[in-house]
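Peer 1: Take this note's numbering: the last position of the sequence shown gets the number 268, and nothing is skipped along the way. In this text, a Cβ means the ideal position worked out from N, Cα and C, and glycines have one as well.
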Amino acid sequence: MHILKKLLWLTVLAALLVACAPTIEQTPAQPAAAPTPVPMEQAEGVDLRIEIEESFLATTLGEQLAEPIEIPDQPGVVVLVQDPIFDLVPADLARLTASLDLDVYGITVAVRPTISLRLSVEDGQVLVSVAGVSLGDVNFPLDAVADQLAPVEAQVRDGLAGALQGVTEMTGLEVRSILIANDTLFVDLGR
């Protein structure tokens, strides 16, 4: 009976997507002005600045997301992330678009959502949180997909934080600020 409820839920979700997609208007995105990092000599509390190219982050995340992700409290439901495209958006966003093959009790559903991630710094650590999820022109309320996204969000968060953690541990510095400009992530470290 539990399986039938989940299959019914997936069927209803797919029907809603098909029914709503033509009526949703896409607002044209205005390109954000690319912020410019402050020169090192003018930055307060910054001892070291690291520039991380988008391609490095994409490769690192692609390797970390290659393993199937099990959804907690939903035995038999597995997400496989394929062909991830990672894109830095000036200001504080990153976007991850990937094919997700959802295996629900032997029934495979393929979708290609875009997950918008907000990057921030708190207590010397980089925080990654989901800012939005969309499938084409259809935006999902975060509370509707939070449980399914939690493992993927944890993998991405741990991947980004892990890539920076080694540098902070090696230097004894902590993250002061981050800045995304075009296709580069600037990480400022200080004492």
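#1: Excluding sequence positions up to five away, which residues of its chain have a Cβ less than 7 Å from the Cβ of residue 163?
#2: What residues match up with residue 216 in a beta bridge as DSSP calls it?
#3: Once the 5 residues before and after residue 195 are set aside, which same chain residues still bring their CB inside 7 Å of it?
#4: Please determine, among 252, 233, 265, 150, the residue with the shortest C-alpha to C-alpha distance to residue 142.
#5: Output yes or no for whether 7 Å exceeds the beta carbon distance between residue 204 and residue 125.
#6: Exposed or buried, what is residue 265 when buried is set at 16 or more other beta-carbons lying within 10 Å of its beta-carbon?
#7: Please state the DSSP three-state secondary structure of residue 98.
#8: Under the three-state reduction of DSSP, which class applies to residue 160: helix, strand or coil?
#9: Which word fits residue 252, buried or exposed, when buried means at least 16 other C-beta atoms lie within 10 angstroms of its C-beta?
#10: What is the C-beta distance between residue 228 and residue 212, in whole angstroms, given that I count them as a contact (C-beta under 8 Å)?
#11: Exposed or buried, residue 52, counting other C-beta atoms within 10 Å across all chains shown (16 or more means buried)?
#12: Is residue 131 helix, strand or coil by DSSP?
#13: Alpha carbon to alpha carbon, how far is residue 218 from residue 159? Give it in angstroms, no decimals.
#14: For residue 166, count neighbouring Cβ atoms within 10 angstroms of its own Cβ and tell me buried if that reaches 16, exposed if not.
#15: Here's the rule: buried if 16 or more other CB atoms are within 10 angstroms of the residue's CB, otherwise exposed. What is residue 221?
#16: Quick test of your reading: residue 155 and residue 144, contact by CB under 8 Å. State the CB separation rounded to the nearest angstrom.
#17: What would DSSP say about residue 250, mapped onto helix, strand or coil?
#18: Looking at the unbroken beta strand (DSSP E) that takes in residue 199, where does it start and where does it end?
#19: Report the residue from 140, 258, 157, 184 whose alpha carbon sits nearest the alpha carbon of residue 235.
#20: Taking DSSP as the reference, what is the three-state secondary structure of residue 265?
Peer 2: A quick look at the data gives this:
#1: 131, 134, 135, 138, 171, 173
#2: 211
#3: 169, 170, 206, 208
#4: 233
#5: no
#6: buried
#7: Because the pLDDT at residue 98 is just 45, under 50, the model does not fix this residue reliably, and the value given afterwards should be weighed accordingly. In the structure shown, residue 98 sits in a helix (DSSP, three-state: H, G or I).
#8: strand
#9: buried
#10: Between residue 212 and residue 228 the Cβ distance is about 18 Å, and since that is not below 8 Å, they are no contact.
#11: There is simply no residue 52 to check, as the chain begins at 78 and stops at 268 in what is shown.
#12: helix
#13: 23 Å
#14: buried
#15: exposed
#16: That pair is no contact at about 10 Å.
#17: coil
#18: 191-199
#19: 140
#20: strand
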